[in-house]
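Protein chains in written order, with this note's numbering: chain F, 1 to 363; chain E, 1 to 572.
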């Protein structure tokens, strides 16, 4: 069993509190993507798991093994934790060849030479790097170095592998391919994978479950990708995953009214959900693909730009003085017609959500 | 459960009382204590205290002695002119060889680096042989050709000392600036040209300001070296009673035959020297407080070369003339004199003999001095290589509290004149502490060498360690390596080239060292430099020249080996 449990982990650098009572459970054999903006403490959490940082409080378990417990004064040495890791910068040793790099964990485990050779060969085959076995890292491209790092994490059959933003340096195509390979590797080996990223796109592509971290290091939502996208738990998740539009909204005499800068649009379609009052300023959030064109709607917009992206049209429209993003998939565009730049039309909002208005801090 | 526990006691929470990081830190502190702190503290203590109580008499007496004041004044004058002219010369030639289309660059660059390897006191010897006021070969020639009353040039003067020091110290600036020019992004200059600036304006407004940090680093090196320099002023100045602080200290100590009183006087003079060096450092910082520019890139790019056109031929002649003057003439002179039967005979083939070389090996202690120098240089090189790496590791990776103090302690001896260091070592390790007396043994010289050269290897290893990203070591840990194993398998192999080059950075100057050895040697512990110096002092000038030639050959051979070793290291 290799489920991973973080219980009430707190960590700080000096007076800078990074994590506070952070808890997270990763199920055996799943790919969990931990997504959060840069600097929110993702890497710190990984370093706690590896034993490179010592938390102030809390416990960390892998299966039944206690790796760390502040109260019981347990702190297993880094080298005994047996967790595969692919560092952000790969950390492939430049003075060792590809096969020496990959064979190193086995060498440290005192595995017999012949077996090391065989397992290195198999693992390199798994990541399609067999032909580079005797190359030095300086002779490899970034993507190839990364595969070496992945092979090194895989070779000792660790029950957990941690990938810390491993594909940020790759080009789009290679990134796609790498994600496929990680998925494939996981399917073959059944390893638990903790995938750390700030890039929600790759997280969506790869994960079984996603955990969203806020900038202050708290966990704000954990769930499947559908959960996260369709049922975001708060404004941060909604804004962080995907593109979002926000329009200030106010109630005026029983009906709601959209009030973007320099405009006022009565919005009879909608009503305020239970439990929300207009006492405090509210905003309505809506995704670009949840806005549809409807010439009869009272929400009148001007289309300022229209871009064809292959599978969809991307529009920039202005509602009053506010610029909104609208996406229309190619099928709908064919059915209802493409809206031309400069055209004036109406829009209708679907799947919108109300959130308290955020202070204007330029976030 | 205390919440304030630091990350540092990772090991302690494992149940280990003894962490390796702690052990390394303690070890480096202890070693620095032995080679740096105790000697420096001894100097201060002995200048102001006598038999346990405060006694400023000696210090005040030394400070008000007119001879000492004139020595101090000479030191300052020499350092000022050497720094000023050496910097101008170095920058000019660096630009000429780095940025213009002057021919035969590779060869000339190699030749310009020779003065850096060549022991300055041998150069001083060569010029003394040529332009000595009474008996210099060139002077005699000029007198007879032009029927002059007296020698036209006297190298045994302040001017002569300045001239010889410049010719050996300008490469400090030259090398720094050449490498800065090479790393500078040429597009910066091209942009200025495109924006309409003239060639001279570009040099003045773009190129020069960008290399100012390199120039100032080189100038600093020239200044501190010149202030502390012993060899040249001692060879050229003693006969005319021209003293600088380092030579004065030597004179005081050798006059009193190494008595405690003499050493105490030396210690007081040392403090004067240290104050002068300190003031000069502050002044230099004030004058050249330029920001550091990060636009000098690590990438090597091909800069656009500036066409010299009509100036090419005269500048080439100037270059060659400079090289002949500072490299060829002294070398040839030393070699020719080493062949002559007796000093003063004309340098013609009839007077040549190989006997000097045979004689010098029969002379007392020559063989011993070569062996001593080899042992000391290799020993100091190896010890510094490991100790410097240890301190660099503690400072860069373990980062204990007060790491700045450690760093300062390890580079402190670098700005301390060798003479001062030698006195400190004598005071500390000749029986005053714990009854340990290393006086007249090789060990005392070894300690001084280590203190003097430690910063070389520390800087070299430090730079390399900064390149080793922490994740490389951490990756090894997560792969199942203990801390020790991760050091052995990852960090050490990665910084090995820097350690090796650190070794040679120490080995070469240690082979030709005179300044400290001349105060520390005993009857059986002469070094190569001391032996040459002593032979010359005893009037055995052709033999001294012969041993000097041997020393030059040893240095050139070693240097060639170094360049060969460092050339084909793997691209890590």
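Glycine included, C-beta positions come from ideal geometry on N, C-alpha and C. All of these numbers come straight from a predicted model, not from anything done at the bench.
- Listed in chain order, the non-local C-beta contacts of residue 133(E) below 6 Å within the same chain comprise 151, 154, 156, local neighbours out to five positions each way being set aside.
- The segment 292-305 of chain F and the segment 327-345 of chain F touch, with no fewer than 3 CB-CB distances between them shorter than 8 Å.
- Cβ-Cβ distances below 8 Å link residue 460(E) to 388, 498, 499, 501, 502, 505 in the same chain, with the five nearest sequence neighbours on each side left out; the list follows chain order.
- Excluding five sequence positions before and after residue 81(F), the CB atoms of its chain that fall closer than 7 Å to its own CB belong to 50, 51, 67, given in chain order.
- Taking 8 Å as the upper bound for CB-CB distance, residue 465(E) and residue 32(E) are not in contact here, some 18 Å apart.
- The residue among 98(F), 194(F), 143(F), 208(F) with its C-alpha nearest the C-alpha of residue 178(F) is 143(F).
- Here residue 268(E) is near residue 47(E), since their CB atoms are less than 7 Å apart.
- For the pair residue 215(E) and residue 330(E), the Cα-to-Cα distance works out to about 27 Å.
- In this structure, residue 227(E) lies near residue 75(E), with their beta-carbon atoms less than 7 Å apart.
- Proximity of chain E to residue 78(F) at the Cβ level (cut-off 7 Å) is accounted for by 477, 478, in chain order.
- Around the beta-carbon of residue 73(E), fewer than 16 other beta-carbon atoms lie within 10 Å, marking it exposed.
- Here residue 267(F) is bridged, per DSSP, to 256(F).
- Taking the Cα positions, residue 162(F) is about 10 Å away from residue 47(F).
- Going by beta carbons, residue 372(E) and residue 516(E) fall outside the 7 Å limit.
- Across the structure, residue 62(E) and residue 68(E) are spaced so that their CA atoms are roughly 7 Å apart.
- The DSSP-derived three-state label of residue 394(E) is helix.
- Across the structure, residue 235(F) and residue 194(F) are spaced so that their CA atoms are roughly 25 Å apart.
- Flagged as an interface residue toward chain E: residue 95(F), by a C-beta distance shorter than 7 Å.
- Note on geometry: alpha-carbon atoms of residue 234(E) and residue 474(E) lie some 54 Å from one another.
- For chain E, none of the residues of the segment 162-190 of chain F brings a beta carbon within less than 8 Å of one of its beta carbons.
- Residue pairing by DSSP places residue 16(F) opposite 13(F) in a beta bridge.
- When the beta-carbon positions are compared, residue 346(F) and residue 269(F) stay at least 7 Å from each other.
- By the Cβ neighbour-count rule, residue 16(F) is exposed, with fewer than 16 other Cβ atoms within 10 Å of its own.
- Under the three-state reduction of DSSP output, residue 295(F) falls in the coil class, being neither helix nor strand.
- Note on residue 358(E): under 16 other CB atoms within 10 angstroms of its CB, so exposed under the neighbour-count rule.
- The criterion of a C-beta distance shorter than 7 Å is satisfied by residue 453(E) and residue 384(E).
- Look at the segment 324-403 of chain E and you find these whole runs of alpha helix (DSSP H), each 4 residues long or longer: 329-339, 355-362, 366-393.
- Interface annotation, residue 89(F): in contact with chain E, CB-CB separation under 7 Å.
- The beta carbons of residue 317(F) and residue 326(F) sit closer together than 7 Å.
- Contact between the segment 76-95 of chain E and the segment 158-170 of chain E is established, with three or more Cβ pairs separated by less than 8 Å.
- The residue from 313(F), 249(F), 338(F), 324(F) with its alpha-carbon nearest to that of residue 354(F) is 249(F).
- Unbroken beta strand (DSSP E) stretches of 3 residues or longer found wholly inside the segment 193-234 of chain F: 209-213, 219-223, given in chain order.
- Residue 39(E) is a Cβ neighbour of residue 428(E), given a cutoff of 7 Å.
- Close to chain F, meaning a Cβ-Cβ distance shorter than 7 Å, are the following residues of the segment 453-470 of chain E: 469.
- Relative to residue 287(F), the option among 247(F), 63(F), 257(F) whose CA is nearest is 247(F).
- Proximity of chain E to residue 160(F) at the Cβ level (cut-off 7 Å) is not reached, the minimal Cβ distance being about 11 Å.
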